[in-house]
């Protein structure tokens, strides 16, 4: 009878990872019988099965209770007690006590067989990894995999072998060994599927999003994520851990918005499940995400709490990371102060002692140098900069050997108190420190600041330029535009330094070159165009302006706002000759027509504009960025109220009339942005390169732009590239159109759009069919609801019958039409983490090769969209370029909510 109960309990152990609920019921029955008969061996195995089943069901507190009861069972064979301790190791780690977990492992070791010791090594690896001892964790997995691969191959052996491969793969990922990591996780997945271990297969699949991001495949990562969500449905703790791991990879890829969304869902589930180690990690990641997305107050609270949790868990190597977020949040909230400066310097040193965090330490030291400059502490600033630029190679930085992460002195004391045999199992002391390294981008920034401090502007610009070149090289390694854009953010402050120096010298060509150099970091068109190339393209764009007609076009002085004299334009408080020209090249040349390029530039708290015409290039300071941002917000709100009626009641007949809320707000934006350059732009077609908040401007709403062709681009280089790839029409284009759900006039709109195109056809509004049309059509028109995700712009979507078509889905397109029309609210909105990169639906199409995108910038009523799009396509079919056709249609219908991105001057139909 005893033997039968033990066998039943062992079967429940094996069953725990396949059907944990059934295993729990079986083990409870065995335990009841074993307790009644005083059968200690059966009882301890049954309790172990119950602990494992509770672990799989996501109830970590219950799992620990069952396993501790198993370990405390008197009269059980030592090997059975050791096996229970083996299972307790991971649970104790996940409950927030990795050091104690290693002690439990050390106690279990003597009573285990060689095969069970290999299984124990797979669990020890988890604790070692959470303590930052990645090399030790890999070594434990190596030993385990070698033994388990040679084992007879029972179900339990397969389970631990697959688990060892998975754990080793994850640790290798932390070490940056991405190919080896993917190989281990893939091997685990194949073994688990072959052995029918669905649970482990789900765990392996859950790590594919994390690894895909780390390897630069963000689009593929989100595909893996959706699959992992389905696979882990019903396993709340596992799903939350997967989300937190994925979010960590997104943070490393400089995508804090997407990471924040995932972490906001993961943290509550981890709290509910009692997964304290994963919870502390996730909370610290969320703190970093909040800081990067602009909420330092919440970041501070989260980082303080995460730091307390990490300290309680004995994870001292993680504490500097929490302190870094705390200090950065305080700096953002309160500004620099002498005490905070000292803390920044100290924390930078702590981070630099850890080879995994040396880059973060160097970045924080640079932050400290800039804080010292803001405080006027030149001596401290120079000292910190020297640490980054002149660290002697023979001065050892107090950091552990490559790949070995220390826990801190408190943990070291605890380890030293253990017997030598147990110390060996728990981990030894760190080896000699490696050479300290400073990332190239940080070093170049430090060199630029040093040169500026000694008054050598040329050397400062050289260093900044070399730093941006390195940033461009790093970002350019990624095809995914979102990942490339976010990685480019590392160069933002350095670009700001270069722009500040260029603007100080009042050279239009230099400011233009620096603006384009910065935008090129995030863009596939990674070059700085010559002004002569830009002028040639502007001359070519002129026929599109003339072809659009001038009906309804208002001169700047007729916009309803007083022009006044030139002196009145100097009231913005601009420090640099008011709104006058900072400098010009070819200023005396005769203007010769053509389009005009307006490239806006953020320089500190100010907004500049570089104007390029046929005869000259000049740069003007427009005023405070904050004032511009406020007026743009007012304009967007007025348009929204007019369209949706979601504010105080407004007479629709007066909303767009002179003096109404929309013209008043639009006139104010025009006054700030275009009045200072009214003479240069005259009534010519415009190419606009926005900056900052200007990416949200509905340009057609400005009075002086009524009926005027306007093309919007991420950079001058991007506009030139779009023009080069625009197909030359040799006949009627193939036009595909789809009508999405929930819109009363979408079907009529599609019918009218197709009526004007002899090669037009309707496609079903289903994701697969639309993707097929994108690969075949010259022009695609989508009349559907649009959703813009400000924090996660590549999750923005067009609503189709079978669900959303997300911006990320578009990144897999092998081909994209020359013109895409998104007749949808907010479809043209974008988040711009780094200038030069438009993240959103329009930007995704442009990144895949579309030459021109027409999209909504504000909410547009269904019937208004039908009206403007009907006229737009009529003009398009008669040979008008998209920008000209949209300008005329918007003016005629008085619907200013759409704008034209890219090569709006290139027609898609031969002129009639």
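Numbering (the numbering used here), first residue to last: 1 to 912.
Every residue gets a Cβ at the ideal spot worked out from N, C-alpha and C, and that includes glycine.
None of these values were measured; they are calculated from a predicted model.
query, result
"Distance, residue 715 Cα to residue 903 Cα", "12 Å"
"Rounded straight-line distance, which links the Cα of residue 772 to that of residue 764", "11 Å"
"Continuous alpha helix (DSSP H) assignments of at least 4 residues falling wholly in the segment 441-495", "457-475 and 481-488"
"Whole alpha helix (DSSP H) elements within the segment 848-898, 4-residue minimum", "862-877 and 882-893"
"Selection from 302, 274 and 297 that minimises the alpha carbon distance to residue 283", "302"
"Between the CA atoms of residue 255 and residue 732 - distance to the nearest angstrom", "41 Å"
"Identity of the residue in 755, 27 and 485 nearest residue 831 by Cα", "485"
"DSSP-derived helix/strand/coil call for residue 548", "Note on residue 548: pLDDT 37, under 50, position unreliable in the model; the coordinate value appears next. Correct three-state label for residue 548: coil."
"Cutoff 7 Å; reference residue 428; Cβ partners in own chain excluding five residues on either side", "Interpretation of residue 428 is limited by its pLDDT of 40, a score under 50 that renders its predicted location unreliable; the figure taken from the coordinates is listed afterwards. Counting only Cβ-Cβ distances below 7 Å, and skipping sequence neighbours, we find nothing."
"Backbone CA spacing between residue 825 and residue 739 [nearest angstrom]", "14 Å"
"Chain-order list of residues whose beta-carbon lies under 6 Å from that of residue 205 (same chain, five-residue window excluded)", "228 and 231"
"Buried versus exposed call for residue 296 [16 or more other C-beta atoms within 10 Å across all chains shown]", "buried"
"Buried versus exposed call for residue 333 [16 or more other C-beta atoms within 10 Å across all chains shown]", "exposed"
"Residues bridged to residue 718 [DSSP beta-bridge criterion]", "Bridge partners of residue 718: none, in fact."
"Range of the contiguous beta strand (DSSP E) that encloses residue 623", "617-624"
"Test item: CB-CB of residue 823 and residue 783 under 7 Å", "yes"
"Three CB pairs or more closer than 8 Å across the segment 505-519 and the segment 597-607", "yes"
"Beta-carbon contacts of residue 893 that lie in its chain and below 6 Å, excluding the five residues immediately before and after", "867 and 868"
"First through last residue of the alpha helix (DSSP H) which encompasses residue 147", "134-149"
"Local conformation of residue 397 per DSSP, three classes", "Low per-residue confidence applies at residue 397: pLDDT is 35, beneath 50, and the placement is therefore not dependable, though the value from the model is reported in the following sentence. In the structure shown, residue 397 sits in coil (DSSP, three-state: anything other than H, G, I, E or B)."
"First through last residue of the alpha helix (DSSP H) which encompasses residue 829", "Per DSSP, residue 829 belongs to no alpha helix (DSSP H) and is neither H nor E."
"Rounded C-alpha distance that separates residue 381 from residue 375", "9 Å"
"C-alpha gap between residue 608 and residue 58, whole angstroms", "55 Å"
"Alpha-carbon to alpha-carbon, residue 50 and residue 916", "There is no way to answer for residue 916, as the model of the chain reaches only from 1 to 912."
"Contact between the segment 800-817 and the segment 843-851 (3+ Cβ pairs under 8 Å)", "yes"
"Beta-carbon proximity of residue 186 to residue 160, cut-off 7 Å", "no"
"Distance between residue 88 and residue 31 (C-alpha atoms, nearest Å)", "18 Å"
"Residue 804, DSSP secondary structure in three states", "strand"
"Reduced DSSP category for residue 317 - H, G, I as helix; E, B as strand; rest coil", "helix"
"Residue 16 - DSSP class collapsed to helix/strand/coil", "coil"
"Presumed contact (8 Å Cβ cut-off) between residue 669 and residue 631, rounded CB distance", "5 Å"
"7 Å Cβ shell around residue 416 - same chain, five flanking residues per side excluded", "Any reading at residue 416 must be qualified, since the residue scores a pLDDT of 41, below 50, and its modelled position is unreliable; the value itself is stated next. Correct list: empty, nothing qualifies."
"Below-7 Å beta-carbon distance, residue 207 vs any chain D residue", "Reference to chain D is not applicable here, since this structure consists of a single protein chain."
"Residue 839 in three-state terms, based on DSSP", "strand"
"Rounded C-alpha distance that separates residue 144 from residue 137", "11 Å"
"Inter-stretch contact at 8 Å, needing at least 3 Cβ pairs: the segment 302-314 / the segment 91-106", "yes"
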